[in-house]
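Notes follow once the structure below has been shown.
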Amino acid sequence: MAESREPGRPGETLPEDAPRVLLVDPYVAREDPMERKFVELYPSLGILTLAAWLRDHGIETEVTDLTFARDAEPVTRHIRRFRPHLVGVHTKTLTLPRALEIAERARAESVPILAGGPDAATRPDRYLREGFDAVVPSEGELTLVDVATRIRDGVPLAGCPGTVALAGHRVVRGPARPFLRDLDDLPLPAWDLIDMEAYLSAWQARTGERRAAILTSRGCPFDCSWCSKPTFGRTYRQQSVDRVLRELRALHERYGVDYVRFCDDVFGVDRHWLEALLDAMISNGPHLKFECLARVDLLKTDLLDRMKRAGLQRVYLGVESGSQKMLDAMNRGTRLAQIERVAASLREHDVRQFWFLMLGYPGETLEDIDATLEMFRRFSPEEYSVSIAVPVPGTRFYDAVKDRLRGRVSSTSGSGGSSLLYEAAYPESLYRWQQVRFAWEARLRHVRHRFSPEVADRLSRAADELHERVAKPLLLGRNRDRGRPGRGTTDLDQLPVIGHGPRDGGPSA
Ligand code: B12
Ligand code: SF4
15 MAESREPGRP GETLPEDAPR VLLVDPYVAR EDPMERKFVE LYPSLGILTL AAWLRDHGIE
75 TEVTDLTFAR DAEPVTRHIR RFRPHLVGVH TKTLTLPRAL EIAERARAES VPILAGGPDA
135 ATRPDRYLRE GFDAVVPSEG ELTLVDVATR IRDGVPLAGC PGTVALAGHR VVRGPARPFL
195 RDLDDLPLPA WDLIDMEAYL SAWQARTGER RAAILTSRGC PFDCSWCSKP TFGRTYRQQS
255 VDRVLRELRA LHERYGVDYV RFCDDVFGVD RHWLEALLDA MISNGPHLKF ECLARVDLLK
315 TDLLDRMKRA GLQRVYLGVE SGSQKMLDAM NRGTRLAQIE RVAASLREHD VRQFWFLMLG
375 YPGETLEDID ATLEMFRRFS PEEYSVSIAV PVPGTRFYDA VKDRLRGRVS STSGSGGSSL
435 LYEAAYPESL YRWQQVRFAW EARLRHVRHR FSPEVADRLS RAADELHERV AKPLLLGRNR
495 DRGRPGRGTT DLDQLPVIGH GPRDGGPSA
């Protein structure tokens, strides 16, 4: 982790009494089972953009990035050396225990501690109860400058716009702070405050490419029923093409980056913007390979040719289901015909596709799951993730099933997505079995493409028969695990959220 000291803007000296802020990314990669499997390491753009903004506004800022660390000890060392007025922690559900540990470490050094990011935004009270002084549940840039100045000047935080804070035992929510009007005002991320080389060389060792992440927008204008968007809600802002090119060039020139991941919730919402960016990348460069998260209704096949020429390698698609009834129930706003068109066209253009699929959404029948498997079989995407629907607080899905939550459920820790968290139509074991069916089909992909489609079809049919004759009757008859806590139980609100990118990406996308 980097503990480099760079006061103010790079090269600028700040006054002695400038507020000092230490930002912490508590994510420890070695603790994340998903990371051990897939290794998708990128620094948090939220933290790096905040850090750059603070520096630009006269606040001395440093970052402790725990991604490559063993534990949270570097936070204590950094606090002792830097003596910040304030420690700010980025939060995800997965990193809650670490965030709480960091709060403890900050308190032990008598430094006020603040939380921001998706998890704290969803449940600020929990963080306040566990010892945080305040939470910033929305966009952080403007609020953090205000908070840092108040703390340095000894002004109480309760009521500060854009915060939720404690006043005695009362939780006080300050008035909302408007979002930044123009995302072009954001400085380039403060890459110099972390060990960028650690990320880049990890990628290089694994793929031969120096990969980095970039964001060109904030928010998403769509409204999928299960998607949690606590920070930016249903708003959407886009940077100009020139601003994006500036960031791409800086990554390429300063760090030798040759592959970027566009991390926007949905990439290319505005077709004209996307065309202008692609044209600029094709004609003037930087000539980088790239990947992005896209919606099938936006990814027009006539644009794919240009995207490919601009460097497109891989697209993450929120396919979710092969049943139109389920897509409608999820309020996806996408059509099966669009999925089929885009999947076929990506194949023609030799672009890898990563499908996100979801099982267990309310209303889904076994026939719907079969339809999803059938579509998966037909298009055999190169990569995929099939998760069991997670009701995330704050979503319409959660509201719809909140009376049917299993309360205490088994957690595999890590990234979730393989536990059934509410009383769905079928037992958890049946959904897990369905995941096995997808995994089997994914294995057959290689047989289908490299060896013999006929053999693959025969093996697929054998698996279907096994499902119909043995697994289905067995699992439907055996409902013992419904509503019963599994091994290693945990509260629902402690469970990590699946995937990444609201699931045109994550998270989930
Ligand atoms: C890009 C992305 C990734 C990338 C890069 C991750 C990274 N290192 O940043 C990859 C694919 C690697 C990834 C991985 C994971 N991701 Co992800 N990811 C995203 C995505 C799409 C964008 C993140 C982003 O850059 N946002 C833009 C920045 C500007 O916003 P921000 O981070 O929220 O920060 C702003 C505010 O929140 C606030 N703020 C943030 N931190 C702080 C701290 C303080 C002190 C203050 C005051 C303010 C503040 O100010 C910031 C600037 O305004 C989000 C969805 C989303 N729209 O946020 C999911 C999301 C953050 N990911 C999620 C998850 C679950 C994961 C994984 C755990 C998945 C896994 N392994 O299974 C991992 C964790 C990896 C990690 N390093 O932490 C979830 C988190 C949900 C939750 N409640 O925890 C999200 C919200 C998606 C979702 N809805 O499910 N992810
Ligand atoms: S799942 Fe994707 S498209 Fe749907 S609301 Fe979330 S971010 Fe937007």
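Per the numbering used here, residue 15 is the first one in the sequence shown, and the count goes up by one each step. For each residue, glycine too, the CB sits at the ideal point set by N, CA and C. As the structure is a prediction and not an experimental result, all values here were calculated from the model.
Exercise. Give the DSSP bridge partners of M48, in chain order.
Key: According to DSSP, M48 bridges with nothing at all.
Quiz item: First and last residue of the beta strand (DSSP E) that includes E334?
Solution: That run of the beta strand (DSSP E) goes L326 to E334.
Self-check item: Inter-stretch contact (C-beta, 8 Å, three-pair minimum) for the segment 432-446 and the segment 368-375
Solution: yes
Quiz item: The beta strand (DSSP E) spanning M372 covers which residue range?
Solution: R366 to L373
Self-check item: E261, buried or exposed, once every other Cβ within 10 Å from all chains shown has been counted against 16
Solution: buried
Practice problem: Please state if the CB of P244 and the CB of G408 are separated by a distance shorter than 8 Å. | Solution: yes
Exercise. Along the alpha helix (DSSP H) that carries S433, what are the first and last residues, could you check?
Key: Counting along the chain, S433 falls outside any alpha helix (DSSP H), and DSSP gives it neither H nor E.
Quiz item: Using the C-alpha atoms, what's the distance from H363 back to R391?
Solution: 19 Å
Quiz item: What residues in its chain sit with their C-beta under 8 Å from that of L312, if we drop five residues either side in the sequence?
Solution: V280, G282, V283 and R285
Quiz item: Taking buried to mean at least 16 other C-beta atoms within 10 Å of its own C-beta, is S297 buried or exposed?
Solution: exposed
Quiz item: Under 8 Å between the Cβ atoms of R328 and V274?
Solution: no
Quiz item: Grouping DSSP H, G and I as helix and E and B as strand, with all else coil, what is T75?
Solution: It is a strand residue.
Quiz prompt | R309 beta carbon near ligand 2 (any heavy atom closer than 7 Å) | solution = yes
Exercise. Using three-state DSSP, classify A134 as helix, strand or coil.
Key: helix
Quiz item: Count the other CB atoms within 10 Å of the CB of D256; is the residue buried (16 or more) or exposed (fewer)?
Solution: exposed
Quiz item: How is the beta strand (DSSP E) around K416 delimited, first residue to last?
Solution: Premise fails: K416 is in no beta strand (DSSP E) and is neither H nor E.
Quiz item: What is the rounded straight-line gap between the Cα of A357 and the Cα of G299?
Solution: 27 Å
Self-check item: Cβ-heavy atom distance, V89 to ligand 2, below 7 Å
Solution: no
Quiz item: Curious, which full-length alpha helix (DSSP H) runs of at least 4 residues does the segment 451-500 contain?
Solution: The DSSP assignment places complete alpha helix (DSSP H) segments of no fewer than 4 residues inside the segment 451-500 at 467-480 and 486-491, in order along the chain.
Self-check item: Length of the line joining the Cα atoms of S152 and A122
Solution: 27 Å
Practice problem: Find the nearest neighbour of G173 within the set E118, D39 and V149, judged by alpha-carbon distance. | Solution: Nearest Cα to G173 within the set E118, D39 and V149: V149.
Self-check item: Outcome for K416 when other beta-carbon atoms lying within 10 angstroms are tallied against a minimum of 16
Solution: exposed
Quiz prompt | Whole-Å CB distance - T177 paired with G168, under 8 Å assumed | solution = Cβ atoms of T177 and G168 stay farther apart than 8 Å, at about 16 Å.
Practice problem: On a CA-only basis, which of R195, H460, A453 and W447 is nearest L8? Give me that one, please. | Solution: The structure shown does not extend to residue 8, since the chain is modelled only from 15 through 523, so no value can be given for it.
Quiz prompt | For H104, the residue or residues it bridges with in DSSP | solution = G130
Exercise. Identify, in the order they occur along the chain, each residue of the same chain with its Cβ nearer than 6 Å to the Cβ of F246, setting aside the five sequence neighbours on each side.
Key: R232 and G233
Quiz item: What is the C-beta distance between D39 and D79, in whole angstroms, given that I count them as a contact (C-beta under 8 Å)?
Solution: 5 Å
Exercise. Under 7 Å Cβ to Cβ from L64, same chain only, skipping five residues before and after it: list those, please.
Key: L37, G154, E155 and L158
Quiz item: With a CB to CB cut of under 6 Å and the five nearest residues on each side skipped, what residues in its chain are close to G270?
Solution: R224
Quiz item: Alpha carbon to alpha carbon, what distance is there between S254 and I165?
Solution: 35 Å
Quiz item: Closer than 7 Å: is that where the CB of K486 sits relative to any heavy atom of ligand 1?
Solution: no
Quiz prompt | Nonlocal neighbours in the same chain, by C-beta distance under 7 Å from A212, ignoring five residues either side | solution = F82
Exercise. Report the option in E87, A66, M321 and S474 whose CA atom is closest to the CA atom of D528.
Key: Here the chain comprises residues numbered 15 to 523, so residue 528 is not present and cannot be evaluated.
Exercise. Consider the C-beta atom of V283 and the heavy atoms of ligand 2; say whether any pair is separated by less than 7 Å.
Key: Using a cutoff of 7 Å, the CB of V283 does not count as near ligand 2, since none of the ligand's heavy atoms is closer than that.
Quiz prompt | Backbone CA spacing between L259 and L444 [nearest angstrom] | solution = 48 Å
Quiz item: Is there at least one non-hydrogen atom of ligand 1 closer than 7 Å to the beta-carbon of D413?
Solution: no
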